[in-house]
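Worksheet: the structure to be examined is printed underneath.
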Amino acid sequence: MTGAVTNVNVGDLKRFPTSNMSNALAGNVPGIIARQTSGQPGKSTSEFWIRGISTFGASSSAYILVDGFERSSLDELNIEDIESFTVLKDASATAIYGSKGANGVVLITTKRGKAGKINIDAKVETSYNTRTITPEFVDGLSYASLMNEALVTRNLGMAYQPEELELFRTQMDPDFYPNVDWMDLILKTEHGVIALT
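In full-length UniProt numbering, the protein residues as written are 1 to 197.
As structure tokens, then:
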């Protein structure tokens, strides 16, 4: 096989804390451009292109072959099941695949059973996700006081009377004059993930 061909070291891909193959490729394979389209849980996959998009009006994704069979995505593949991973980048390397290989070809060979002693591989991964920025909100008393101040500067009446401000401060009537930090009650500071393979 001639042309621009890259054999990817599967061991290097295993070192990255992601269970998603398309995310593991990002930044690790020369010539592959990856873009994560969503951060939604269960959908944190990446679109990837080999040397950019070279066809217009057609599919822009690479042609993926797993053990010789076409696949539409890498997302359901387990990195641990892969024996070899090859990326064909240019026209001379992808010529035998015709127009389907216009955006590059990914060839994947999965592991097969081998004669000999039993070999068991085990891996434990732990990762933590945290928010980078958490907005800070004022408490109930500060909100009511600022609302009054804003209305007074516009020559309007106060929204909260002094006795109501006192109820915010003392929390004697939390049903009608609450002071709840919803960010603290609903959101966690971090999210831990443990993966056993």
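C-beta atoms are modelled at their ideal positions from N, C-alpha and C, and glycine is treated no differently. Source: prediction; values computed, not measured.
In whole angstroms, give me the CA-to-CA distance for Gly57 and Leu107. On the sequence shown, residue 57 is found 57 positions in, with the first residue counted as 1. On the sequence shown, residue 107 is found 107 positions in, with the first residue counted as 1. Note that Gly57 scores a pLDDT of 46, beneath 50, so its modelled location is shaky and nothing firm can be said.
Distance, Cα to Cα, Asp173 vs Val180? Numbered from its first residue, the sequence shown carries residue 173 at position 173. Numbered from its first residue, the sequence shown carries residue 180 at position 180. Answer to the nearest angstrom: the Cα atoms are 13 Å apart.
Skipping 5 residues on each side, what residues in its chain have a beta carbon closer than 7 Å to that of Met21? Working through the sequence shown from its first residue, we reach residue 21 at position 21. Once the five neighbours on either side are set aside, the close Cβ partners of Met21 are Leu74, Asp75, Leu77, Ile79.
Local Cβ density within 10 Å of Tyr177, reported as buried at 16 or more and exposed below that: Stepping through the sequence shown from its first residue, residue 177 is reached at position 177. When all chains shown are included, Tyr177 counts as buried.
Around the Cβ of Leu25, are there at least 16 other Cβ atoms within 10 angstroms (buried) or fewer (exposed)? As a working note, residue 25 is residue 25 in the sequence shown. Result: buried.
Would you list the one or two residues that DSSP bridges to Thr130? As a working mapping, residue 130 is identified with position 130 in the sequence shown. Answer is Glu190, bridged to Thr130.
Give me the Cα-Cα distance between Gln161 and Met183, rounded to the nearest whole angstrom. Along the sequence shown, one-based indexing puts residue 161 at 161. Along the sequence shown, one-based indexing puts residue 183 at 183. Distance between the alpha carbons of Gln161 and Met183 is about 27 Å.
Cut-off 7 Å between Cβ atoms - residues of its own chain near Gly157, not counting five sequence neighbours on either side: Residue 157 sits at position 157 when you count from the first residue of the sequence shown. Leu151, listed in sequence order.
Which of helix, strand or coil does DSSP assign to Leu65? Numbered from its first residue, the sequence shown carries residue 65 at position 65. Leu65 falls in the strand class under three-state DSSP.
Option in Gln36, Asp121, Ala159 with minimal Cα separation from Leu146: Residue numbering aside, residue 146 sits at position 146 when the sequence shown is read from its first letter. For Leu146, the nearest C-alpha among the options comes from Ala159.
Thinking C-alpha only, which one of Ser99, Val87, Arg35 is nearest Val8? Position 8 of the sequence shown, counting from 1, holds the residue named residue 8. Cα-wise, what sits closest to Val8 is Val87.
Which partner residues does Glu166 have in the DSSP bridge list? Taking the sequence shown and counting its residues from 1, one reaches residue 166 at position 166. Paired residues: none, contrary to the question.
Leaving out five residues before and five after Glu136 in sequence, what residues of the same chain have Cβ atoms less than 6 Å from its Cβ? By one-based count along the sequence shown, residue 136 stands at place 136. For Glu136, where only same-chain residues beyond five positions count, there are no Cβ hits under 6 Å.
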